[in-house]
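**Q**
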Amino acid sequence: MEDRFGHRISYLRVSITDRCNERCTYCMPQELQEWLPREGILTFEETLRLIRIAAELGVSKIRITGGEPLTRRGVVDLIRQLPKIPGLDDIGLSTNGTLLARPVEPNLTMAAALRAAGVRSVNISLDTLDPDAYSQITGRDLHGQVLDGIEAAIAAGFDQIKLNAVLMRGRNEDQLIPLIEFGARRNLILRFIEMMPVSTSEVLDERNFVPIFEAKRAIEARFGSLIPEPQFHTNGPATYYQIPGRQQRVGFIGAMTNLHFCESCNKLRLTCDGKLRPCLGSYLEFDIMKPLRAGASDDELRQFFIDVVDRKPEQHDFRNNYQPNRKMIAIGG
Ligand code: SAM
Ligand code: SF4
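No gaps in the numbering here: position 329 of the sequence shown is 329 in our numbering, and each next residue is one more.
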């Protein structure tokens, strides 16, 4: 599938729940959360059918996300079905890491079960190594569980583990070097992400926003000039650098300040309530659950995907005073 601007769609991010066991300030409103009713969420059978159709149209990479995807019961059973879908060659998962070390059977962690089910790469969110700051950011005292989850992921032997940190002024600017050292000791890729206006609109403003060039400058002050690695890609929009004198990579995701951010976009999103979104930073979304539940044929659903891709914008709207109509947690990051 290719849109009007030459974006080739090969990557589908699939949110399987809007629920989460954390309350990150930048992701969801802090007021009492109202979850979607169960019947409003795609069943695994429906989700798998849509993924199969996307794969028939050229999608080769799937990332399971949420909300917190590991809070959905049966997630391992869903993932076990994915490698059977022809055309998919890369299965990833985004998680806050809190449940990765949990045993799902005696002597089997969630991380190991996911690896055995076919997950190749895992992105784990870790904004800080300071447990108190972690609690303030996420609203929960689960820092220790995340650290255990990271160790469980390493033990499970995924092909790739990335740590994602959202940059926040006054909250984790002091954590860049400690996070890099933490990643270095474990051979993990660190990625620093600019905050985007995807939660309630008051969360992002000039006072708490840290641009990636500032993070890069702080890292260079410590390690020297970072060495660009334009040939290294992980399917997403990050730009990667090597730390001089080390075998370590850091990535930067600058949706707000990188003006070329959308040029190589290859992504489509499926929300847990059955909406296809051609862009995270656009109001456009299309309800595929309706035709799916009304008995649409595979051909009709294929056409639906093609039509959505045709509506994909050239770039996101984040820089145009974008006011989110849905919180990140309900879209799937
Ligand atoms: N619960 C999982 C997690 O925390 O990784 C998966 C879903 S979460 C929505 C996916 C990613 O989006 C996380 O790395 C999170 O830090 C990021 N994210 C959430 N809100 C964001 C925002 N306002 N700006 C930038 N990144 C955000
Ligand atoms: Fe939950 Fe992830 Fe959003 Fe934090 S970023 S509230 S862990 S979905």
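Built from N, CA and C at the ideal position, the CB exists for glycine as well.
In this text, all values refer to a predicted model and were calculated from it rather than measured experimentally.
1. To which residues of the same chain is residue 166 closer than 7 Å at the C-beta, ignoring the five residues directly before and after it?
2. To the nearest angstrom, how far is it from the Cα of residue 97 to the Cα of residue 254?
3. CB of residue 60 to nearest heavy atom of the ligand SAM: below 7 Å?
4. Three-state secondary structure (DSSP) at residue 261?
5. Considering only the alpha carbon of each residue, which of 48, 226, 21 and 146 lies closest to residue 62?
6. Answer yes or no: do residue 219 and residue 188 have a C-beta to C-beta separation smaller than 8 Å?
7. With a threshold of 7 Å, establish whether the CB of residue 67 neighbours any heavy atom of the ligand SF4.
8. Would you check if the stretch 116-130 and the stretch 166-178 touch, i.e. whether three or more CB-CB distances between them fall below 8 Å?
9. By DSSP's criteria, residue 23 is part of a beta bridge. Which residues make up the other side?
10. Do residue 88 and residue 121 count as a contact pair if the criterion is CB distance below 8 Å?
11. Compute the minimum distance between the beta carbon of residue 125 and the heavy atoms of the ligand SF4, and state whether it is under 7 Å.
12. Since residue 11 and residue 312 are thought to touch, with beta carbons under 8 Å apart, how far apart are those beta carbons, to the nearest angstrom?
13. Anyone know if the C-beta pair for residue 261 and residue 276 falls short of 8 Å?
14. Shortest alpha-carbon distance to residue 114 belongs to which of 252, 238, 154 and 139?
15. Do residue 64 and residue 118 have their C-beta atoms closer together than 8 Å?
16. I'd like to check one pair, residue 252 with residue 215: are the Cβ atoms closer than 8 Å?
**A** Working from what's here:
1. 26, 127, 193 and 195
2. 23 Å
3. no
4. coil
5. 48
6. no
7. yes
8. yes
9. For residue 23, which the question treats as bridged, DSSP gives no partner whatsoever.
10. no
11. yes
12. Not confirmed; about 12 Å, so no contact.
13. no
14. 154
15. no
16. yes
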